[in-house]
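Here the protein sequences come in this chain order: A and B.
Take 51 as the starting number for the first sequence in this note's numbering and just add one per residue.
Take 51 as the starting number for the second sequence in this note's numbering and just add one per residue.
Every residue gets a Cβ at the ideal spot worked out from N, C-alpha and C, and that includes glycine.
Down below is the structure, laid out as structure tokens.
Number of protein chains: 2
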Amino acid sequence: MANHHDAQSFIMHCGEMGSRWGFNRTVGQICALLVITQDMLNADQIAEALSISRGNVSMGLKELQSWRLIQMRHKPGDRKDYFTANSSIWEMAQTIFEERRKRELDPTLSLLRSHLLDNPESQSDYGLQRMQEIHDLLELVATWSNSLNGMKPETLESLMKLGSGVTKMLDFKKKQPR
Amino acid sequence: MANHHDAQSFIMHCGEMGSRWGFNRTVGQICALLVITQDMLNADQIAEALSISRGNVSMGLKELQSWRLIQMRHKPGDRKDYFTANSSIWEMAQTIFEERRKRELDPTLSLLRSHLLDNPESQSDYGLQRMQEIHDLLELVATWSNSLNGMKPETLESLMKLGSGVTKMLDFKKKQPR
DNA sequence: CTGAATTTTCAATAATTTCTGAAAATTATA
DNA sequence: TATAATTTTCAGAAATTATTGAAAATTCAG
């Protein structure tokens, strides 16, 4: 690690942002550390590097595994568990996206679904109408985010690079259907 | 409000989800209440409806205004401030999206930008390389999310309805450049 | 200007979340 | 199997965040 200061400040930043990204400070720090470290690290090394307790590292690693962001490995002749970031940044981003959908959208979607099923006479009620709108929006976002999941990094990248061009593409497509 | 139970359970749900969506319980509840209520409400009515203190309502309303999700209005001959959700569900979703980008992406993007500028010799360092990758990804996501901002609800909707079809469209575009 | 109506602020406290570290559980080695 | 190495758990402590409510500030009608 050439510039220790940069690494350290990046890790601390990820700790501070952690809660905004859906996990806590320690989890953010551990994740950052594993992402910018090439070697595999064991729990003691992580605790040492971040000055946090062994128990906290254990919980953090469990959380990161539940997010499918890190991988456990073993070194021959070493009984310790070693950890490393799971894959490319692209794939990690996709995973985070998917996990967040599960945590932030799906519960609400299922609540709304059941409410709306129980109330077929929704037309009349303003509140239920709004809930229907929210439901439809979330469903669309969920479908769409699902379709991102399957995409290869390259596809995703070229799609994103279109940026605002995507609007133009839409118009283009409309004028020349398949 | 035809079915009081549905409304209440939706509001409570939004309170519980609040923290996952980037605000706290009360803010989630106030937002939900204003979204499914057709009439404008004043702070006392909100406090009453949610059984929370007047002070808490005041802070929650301020927060929601900073998210640009609600609007303050006045009734003739009434000195109280009245509040209502700002716009359509579509537009609210766009706003939330944009605000979250500002809070969850922009700070990291700017940290990374400055680190990478300070270290032109990044090639050699694994950590800096990874930071570069994260930077590029975030920049792409930010650009792309910016392009969503300007879109009309209809455009956004038709884009989303494409769902996974977006991949096919990409291929199509490649084969027939402009 | 005065004072009533209203909103905002903020210190105190309640609630929640995170973290520690020692004990319990697990796993591998001899 | 016994024991040493390692990880996990979880009760309690620490830190953080949310909430209350009373006091301060603001706004406005007369």
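{"query": "Neighbourhood of B/Q173 by C-beta, 8 Å cutoff - its chain only, sequence neighbours within 5 removed", "result": "Q179"}
{"query": "Proximity to A/W140 [Cα-Cα], best of A/N106, A/L161, A/M201", "result": "A/M201"}
{"query": "Alpha carbon of A/L91 to alpha carbon of A/L206, nearest angstrom", "result": "30 Å"}
{"query": "Neighbourhood of A/S195 by C-beta distance below 6 Å, restricted to the same chain and skipping five residues each side", "result": "R151"}
{"query": "Sequence-distant residues of its chain with Cβ nearer than 7 Å to B/C81 (five each side left out)", "result": "C64, L114, L119"}
{"query": "Rounded C-alpha distance that separates B/Q121 from B/M62", "result": "22 Å"}
{"query": "Contact list for the segment 155 to 175 of chain A against chain B, Cβ threshold 7 Å", "result": "P157, T158, L161, H165, N169, S174, D175"}
{"query": "Contact list for A/F133 against chain B, beta-carbon separation under 7 Å", "result": "The premise fails here: A/F133 is roughly 15 Å from chain B at the closest Cβ pair, so nothing lies under 7 Å."}
{"query": "Enclosing beta strand (DSSP E) for B/T87 [first to last residue]", "result": "Run containing B/T87: none; DSSP gives neither H nor E here."}
{"query": "Sufficient close CB pairs (3 or more, under 8 Å) joining the segment 130 to 140 of chain B to the segment 155 to 164 of chain B", "result": "no"}
{"query": "Buried or exposed by the 16-neighbour rule on C-beta atoms within 10 Å, applied to B/G68", "result": "buried"}
{"query": "Coarse secondary structure for A/R129, derived from DSSP in three states", "result": "coil"}
{"query": "Cα-Cα separation, A/P227 to A/T193", "result": "Because A/P227 carries a pLDDT of 49, less than 50, the predicted location of this residue cannot be relied on, and the following value inherits that uncertainty. Each residue's Cα considered, the two are about 22 Å apart."}
{"query": "For B/H124, the residue or residues it bridges with in DSSP", "result": "B/D131"}
{"query": "Cβ distance (whole Å) where B/Q182 is taken to contact B/L167 below 8 Å", "result": "The Cβ separation is near 11 Å, so there is no contact."}
{"query": "Limits of the unbroken alpha helix (DSSP H) element including A/L198", "result": "176 to 199"}
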